[in-house]
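Enquirer: Here's a structure for you.
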Amino acid sequence: NAGVTQTPKFQVLKTGQSMTLQCAQDMNHNSMYWYRQDPGMGLRLIYYSASEGTTDKGEVPNGYNVSRLNKREFSLRLESAAPSQTSVYFCASSEATPNTEAFFGQGTRLTVV
Amino acid sequence: AQSVAQPEDQVNVAEGNPLTVKCTYSVSGNPYLFWYVQYPNRGLQFLLKYITGDNLVKGSYGFEAEFNKSQTSFHLKKPSALVSDSALYFCAVRVNTNAGKSTFGDGTTLTVKP
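Chains as they are written, first to last, in the working numbering: chain A, 1 to 113; chain B, 114 to 227.
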């Protein structure tokens with residue numbers, strides 16, 4: 001049971017380059033999320049998708065776009081990377097009901113130089 | 114708006130001693146409260162949750178947490194700490210509104226020394 005799978009695990013980009021972070025879950029969850037984790041700032045929600053076909057902005061959406069390709073997959077795109085986007089990115093999924101816990105991928109460590 | 118506060122960036126305890134990691138929250142409505150643990154270079158793992166009922170909930174690896182509605186707190190506890198408990202701990206809250214999104218605290222680094 002793979003759970004939540006993120007690719008790649010590590011990435012170095014030059015300022016202005018673009019890339020897509022991939023995420024897939026095999027738990028049939030409706031809700032999926034993208035977070036970034038920065039030292040001393042906990043987890044901040046970038047975008048989320050409450051169900052297939054819907055996406056909404058979270059706390060820090062600027063500079064990012066997302067696609068909920070199907071129920072399993074939720075990708076995060078950086079169109080023009082900036083050094084401020086250097087971070088660790090986590091994808092998560094959960095049931096839509098709020099009394100359920102989230103399951104997290106292992107993270108993507110992104111460095112923008 | 115919902116929020117979670119973890120007032121201690123770091124907690125240090127000796128192996129075998131009890132540990133407490135503090136969490137307070139602010140929500141409109143009834144909260145669902147969660148604790149997650151993160152080991153180095155890994156994603157967050159679920160530890161335990163409070164939904165309703167008994168204020169003391171038990172979770173993985175011998176951890177437990179006490180829900181206190183009057184103090185809006187959900188502190189994580191363990192009677193006897195292990196060196197292997199050393200990790201980053203996050204408290205989180207969800208509510209029925211707000212599209213069920215989770216709000217996380219900033220995290221507390223627990224260090225257990227032999």
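Note that the Cβ used here is the ideal one computed from N, Cα and C, for glycine as well.
According to a CB-to-CB cut-off of less than 9 Å, which residues of the segment 34-45 of chain A neighbour chain B?
Expert: Residues passing the 9 Å Cβ filter: Tyr-35, Gln-37, Gly-40, Met-41, Gly-42, Leu-43, Arg-44 and Leu-45.
Enquirer: In the DSSP assignment, what residue or residues form a beta bridge with Asp-56/A?
Expert: Paired residue(s): Tyr-48/A.
Enquirer: Could you name the residues of the segment 155-189 of chain B whose beta carbon sits closer than 7 Å to any beta carbon of chain A, in the order they occur along the chain?
Expert: Within the segment 155-189 of chain B, the residues whose Cβ lies closer than 7 Å to some Cβ of chain A are Arg-155, Gly-156, Leu-157, Phe-159, Lys-162 and Ile-164, listed in chain order.
Enquirer: 8 Å is my cut-off, CB to CB: does Tyr-48/A come that close to chain B?
Expert: It does: the Cβ of Tyr-48/A has a partner Cβ on chain B nearer than 8 Å.
Enquirer: Kindly provide the ranges of any beta strand (DSSP E) runs that are 3 or more residues long and lie completely inside the segment 177-224 of chain B, ordered along the chain.
Expert: List check, beta strand (DSSP E) in window: 177-181, 186-191 and 200-207.
Enquirer: Less than 6 Å between C-beta atoms, sequence neighbours within five positions excluded: which residues of the same chain meet that for Ser-186/B?
Expert: If we look at Ser-186/B and ignore the five residues flanking it on each side, its Cβ neighbours are Thr-137.
Enquirer: Here's a check: name, in chain order, each residue in its chain whose Cβ is nearer than 6 Å to the Cβ of Val-170/B, leaving out the five neighbours to either side.
Expert: Excluding residues within five positions, the ones whose Cβ falls inside 6 Å are Leu-161, Tyr-163 and Ala-178.
Enquirer: Taking C-beta pairs closer than 7 Å, name the residues in chain A that Tyr-145/B reaches, listed in chain order.
Expert: What Tyr-145/B touches in chain A: Pro-98 and Asn-99.
Enquirer: What's the C-alpha gap between Asn-209/B and Tyr-145/B?
Expert: About 9 Å.
Enquirer: Mind checking who Gly-13/A pairs with in its DSSP beta bridge?
Expert: It is Leu, not Gly, that sits at residue 13/A in the sequence shown. Val-112/A, per the DSSP bridge assignment.
Enquirer: Less than 8 Å separating the beta-carbons of Phe-90/A and Tyr-35/A?
Expert: In this structure, Tyr-35/A lies closer than 8 Å to Phe-90/A by Cβ.
Enquirer: By DSSP, does Ser-84/A sit in helix, in strand, or in coil?
Expert: In this structure, Ser-84/A counts as helix in the three-state DSSP scheme.
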